[in-house]
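Scroll down for the structure; my scribbles are underneath it.
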Amino acid sequence: SGSTGTDDSERTIAGRVDSQDSTVSDSENADPRCTRQNSVSSVSQSLREWDIPYDELDRREVIGRGRFGIVYSGNWHGQVAIKELRMDYVNDEKTLEAFKAEVSTFRKTRHENLVLFMGACMKPPRLAIVTSLCKGRTLYQHIHVLKDKFNMSRTIMIAQQISQGMGYLHARGIVHKDLKTKNIFLESGKVVITDFGLFNVTRLCHDSRRGNWLSIPPGWLCYLSPEVMRNLRVVQKQDDGLPFTTYSDVYGFGTVWYELLCGEWPHKGLPPEAIIWQVGRGMKPSLAHLQASRDVKDILMACWSYRPDERPEFSTMLTSLTRLPKKRLHRSPSHPIHLSRSAESVF
Numbered sequence: 001s002g003s004t005g006t007d008d009s010e011r012t013i014a015g016r017v018d019s020q021d022s023t024v025s026d027s028e029n030a031d032p033r034c035t036r037q038n039s040v041s042s043v044s045q046s047l048r049e050w051d052i053p054y055d056e057l058d059r060r061e062v063i064g065r066g067r068f069g070i071v072y073s074g075n076w077h078g079q080v081a082i083k084e085l086r087m088d089y090v091n092d093e094k095t096l097e098a099f100k101a102e103v104s105t106f107r108k109t110r111h112e113n114l115v116l117f118m119g120a121c122m123k124p125p126r127l128a129i130v131t132s133l134c135k136g137r138t139l140y141q142h143i144h145v146l147k148d149k150f151n152m153s154r155t156i157m158i159a160q161q162i163s164q165g166m167g168y169l170h171a172r173g174i175v176h177k178d179l180k181t182k183n184i185f186l187e188s189g190k191v192v193i194t195d196f197g198l199f200n201v202t203r204l205c206h207d208s209r210r211g212n213w214l215s216i217p218p219g220w221l222c223y224l225s226p227e228v229m230r231n232l233r234v235v236q237k238q239d240d241g242l243p244f245t246t247y248s249d250v251y252g253f254g255t256v257w258y259e260l261l262c263g264e265w266p267h268k269g270l271p272p273e274a275i276i277w278q279v280g281r282g283m284k285p286s287l288a289h290l291q292a293s294r295d296v297k298d299i300l301m302a303c304w305s306y307r308p309d310e311r312p313e314f315s316t317m318l319t320s321l322t323r324l325p326k327k328r329l330h331r332s333p334s335h336p337i338h339l340s341r342s343a344e345s346v347f
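When the sequence shown is numbered by the UniProt record's numbering, its final residue is 347 and no position is left out of the sequence of numbers.
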């Protein structure tokens with residue numbers, strides 16, 4: 001990601017982190033091979049104006065590491081972030097075209113709460129995505145490293161801006177797939193969301209398994225919805241995909257909202273296997289110790305609904321957030337997590 005987060009990871013026997021592939025539907029009478037070739041050709045042609053020669057980039061210092069590779073600060077007609085990809089199969093034409101297809105989704109985005117896509121290096125072996133440089137800190141750094149405390153007014157403002165950016169992505173038909181505080185920057189009071197759609201790129205870069213173990217960044221499981229969690233597997237096949245949707249993005253936002261309110265991740269202190277089992281069965285942390293209004297808690301519970309279609313759209317969420325009273329939020333002291341189970345929490 002574009003954040004300065006660490007590369008530390010937990011290991012768990014639950015193991016599939018690849019993302020759902022983008023597919024091209026063929027018409028009934030068309031030759032699928034011709035359709036795919038035409039699609040690939042169309043994507044390649046439309047991306048020419050976004051192709052940045054790698055030797056034009058002035059790479060500076062490392063500012064982050066992610067599952068897909070290394071992020072550098074740099075210069076290309078101004079300050080930029082350069083997300084350089086680790087590609088194990090860089091000579092595979094199919095993989096390269098899949099990467100270009102993912103990049104083609106980034107060029108459709110223009111919103112004040114989204115990082116600005118500037119182009120990509122698309123000639124092997126140097127593949128990279130170039131975006132504007134986020135100069136603030138991530139929400140992860142504010143909450144989990146600096147232990148910053150946000151008052152209710154600022155908490156609502158941050159959530160509103162996240163909802164605006166995510167609502168725009170969904171309106172453009174783009175699923176983020178990895179919404180978390182490490183991918184949300186605060187830049188002079190403005191929210192900037194990064195790494196939308198990069199989960200597919202992550203899948204193309206390398207196999208993150210080590211035997212029957214999978215590297216999982218700390219806190220990542222807390223953002224996964226029950227339907228995604230239940231699709232984690234020990235054995236990972238190349239073409240398998242996790243069922244990310246706009247609904248699973250909303251679930252991830254619920255966890256971000258929880259972090260803003262509580263200053264920590266849900267399911268704190270639990271091993272990955274326990275989180276997978278509990279979330280998959282619809283078990284949620286109790287909010288009894290959260291000293292906030294019922295409306296504040298209702299937003300969280302709606303985002304964490306077990307059934308995907310019961311989670312609100314971001315446009316609805318924005319309305320709910322706007323109506324919240326901006327009074328001071330009193331955080332409770334550290335407390336053990338108690339689990340409650342929803343009426344629908346059955347496989």
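Heads up, the beta-carbon is just placed ideally off N, CA and C, and yes, glycines get one too.
Candidates the options, of which the one nearest residue i by Cα
i	options	result
L116	N151, A159, P53, F185	F185
P272	L221, T316, Y247	L221
V191	N113, G74, A274	N113
L270	G219, F314, I299, L146	G219
Q79	T138, L169, S132, H111	S132
H170	P124, V145, V250, P226	V250
L47	G64, K123, I70, E61	K123
A176	S293, F314, S286	Checking the sequence shown, residue 176 turns out to be His, not Ala. The residue with the shortest Cα to Cα distance from H176 is F314.
Helix, strand or coil at residue i [DSSP, three-state]
i	result
F244	coil
A101	helix
H206	Because the pLDDT of H206 is 49, which lies under 50, any placement of that residue in the model is unreliable, and the number read from its coordinates should be weighed accordingly. Correct three-state label for H206: coil.
S286	coil
V24	With a pLDDT of 34 at V24, under the threshold of 50, the modelled position of this residue cannot be trusted; read the value that follows with caution. Note: V24 maps to coil in three-state DSSP.
L139	helix
T131	strand
Y258	helix
N75	strand
V279	helix
F68	coil
G182	In the sequence as presented, Gly is not what sits at residue 182; that position holds Lys. K182: helix per DSSP, three-state reduction.
E49	helix
Start-to-end residues for the beta strand (DSSP E) that takes in residue i
i	result
L85	79 to 85
V145	First-last for V145: undefined, no H or E at that position.
K123	117 to 123
7 Å Cβ shell around residue i - same chain, five flanking residues per side excluded
i	result
I52	W76, G119, A120, C121, V130
L290	L261, C262, K297, S332
F253	I162, M166, L179, C303
V228	L242, P243, F244, S248
D148	H142
Cut-off 8 Å between Cβ atoms - residues of its own chain near residue i, not counting five sequence neighbours on either side
i	result
R126	Y54, E84
Y168	T109, H111, N113, L114
W257	A159, I299, L300, C303
Cβ separation of residue i and residue j, assumed to be a contact under 8 Å, to the nearest whole Å
i	j	result
C134	E187	6 Å
L318	Q160	6 Å
K326	S153	4 Å
T109	Y140	About 22 Å; that fails the 8 Å criterion.
L324	I156	5 Å
I82	R59	6 Å
First through last residue of the alpha helix (DSSP H) which encompasses residue i
i	result
R154	152 to 171
D298	294 to 303
V228	226 to 229
Close Cβ partners of residue i (< 6 Å) along its chain, the five nearest in sequence each way excluded
i	result
G136	F185, L186, E187
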